[in-house]
Amino acid sequence: MSKPYHVVVTDFIQDELQPERQVLGDLADVIALGARTEDALVGRIEDADAIILFHEMILTRRTLERLRHCKLIVRAGVGYDNIDCAFARSKGIPVGNVPDYGSEEVADTAIAMALALARGVHLLNSRLRAGVGPWSYLQTVPLARLRGSVFGIIGLGRIGTAAALRAKALGMTVVFYDPYKPDGYDKALGIRRCETLDELLAQSRIVSIHCPATDETRHMIDAAALARMPRGSFLVNTARGPIVETKAVPEAIASGQLAGAGIDVYENEPPLPDDPLLVAWRDPEHPAHHRLILNPHAAFYSEEGLLDMRLKGAEACRRAILGLPLRNIVN
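Once you know that position 54 of the sequence shown is 88 in the working numbering, the rest is easy, because the numbers rise by one and skip nothing.
Below is the structure:
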């Protein structure tokens, strides 16, 4: 029997929708479209009462202006730069996110990448597997102790805070740059605030990015920014792809300015085949080949985190349909 309401999951999820139907099944029909482009939504989304959007596609004005009675668009995840939030607001459509589903997972991944790079674990594994160099620690020389070295965090939100606590537990000196964070968090966490991005870059052996993608942060980390980091430092990005101008990363590694980088997110996902980052990563002759860790936007994932994300997204839709106060509205 058809339900009175209609909820659409646009992308990423194509299974039986058990978590979503667990929350919404008595109230709404829930369908998964498995779309990768807006064209695939035409004729299938216009009557949705609520929409759950993941990270594999975007919703622009072209789609939003066709929605007839949508009560909520919920981005099942943290970042919401793949939605035209301003136009949605002008249409009276709230946009929400799920900011608390996977803070631990992303922070764990950032620290895992940082450790694998800074301790030489990835470099040795990659070179030895390829039969390059001696079977010896000498391939990582010089390698500095982690304790006391500076771990720089850009963006002290939920995930940045979780990463700060983990780096601090490793004995690292944690600094952060976040001009939107009120005073006092440095004292509460026992870390140090940097007043400018340059101040953070200049002292950080490891820079880990945890800020949203905005016009302000787009290509915040470019060739000039990398040049301001200490020679032989490391970059980790588990936040959003556009924050790093990734074509500058292989060049920085080749020059020795960076000793390595861990990248989980990209401007194009999946990256284009001719992306300089991918070309260097796949080329055994490139100096960056053994010093890059690339993951496919996977830092968010654990079975528990994915379930949390889906349940919280569905619960947000339920609240919207029932006219209850909405949470985590970003527009």
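We put the CB at the ideal spot given by N, CA and C, even for glycine. These numbers were taken from a predicted model, which means no experiment stands behind them.
If we count the other Cβ atoms within 10 Å of its Cβ and call it buried at 16 or more, is N116 buried or exposed? Burial call: buried.
Let me make sure I understand the geometry here. Which of V283, P330, K281, A322 has the alpha-carbon closest to that of P366? Residue numbering for the chain in the displayed model covers 35 to 365; residue 366 lies beyond these limits and cannot be assessed.
Go ahead and label G296 buried or exposed: buried means 16 or more other beta carbons lie within 10 angstroms of its beta carbon, across all protein chains shown. buried
Among all the DSSP beta bridges, which residues are the ones paired with N271? I243, I297
Please state the DSSP three-state secondary structure of I92. If DSSP states are grouped into helix, strand and coil, I92 belongs with coil.
Indicate whether I240 and F185 have their beta-carbon atoms separated by less than 7 Å. yes
Whether A66 touches Y39 by CB criterion (7 Å): Against a cut-off of 7 Å, the Cβ pair of Y39 and A66 comes out as no contact.
Taking DSSP as the reference, what is the three-state secondary structure of V140? helix
Spatial neighbours of A314 within its chain, please: CB distance less than 6 Å, with the 5 preceding and 5 following residues excluded, ordered by chain position. Within the same chain, and ignoring the five residues on either side of A314 in sequence, the residues whose Cβ sits closer than 6 Å to its Cβ are P284, H320, A322.
Tell me the start and end of each unbroken alpha helix (DSSP H) in the region 43 to 112 that is at least 4 residues and wholly inside, in chain order. 52 to 58, 95 to 98
On the DSSP bridge assignment, give the partners of G186 in chain order. V209, V241
Put V278 into one of helix, strand or coil per three-state DSSP. strand
How big is the Cα-Cα spacing for V64 and A261? 50 Å
Could you give the distance in angstroms between the alpha-carbon of R102 and the alpha-carbon of A82? 8 Å
Three-way DSSP call (helix, strand, coil) for Y214 in this model: coil
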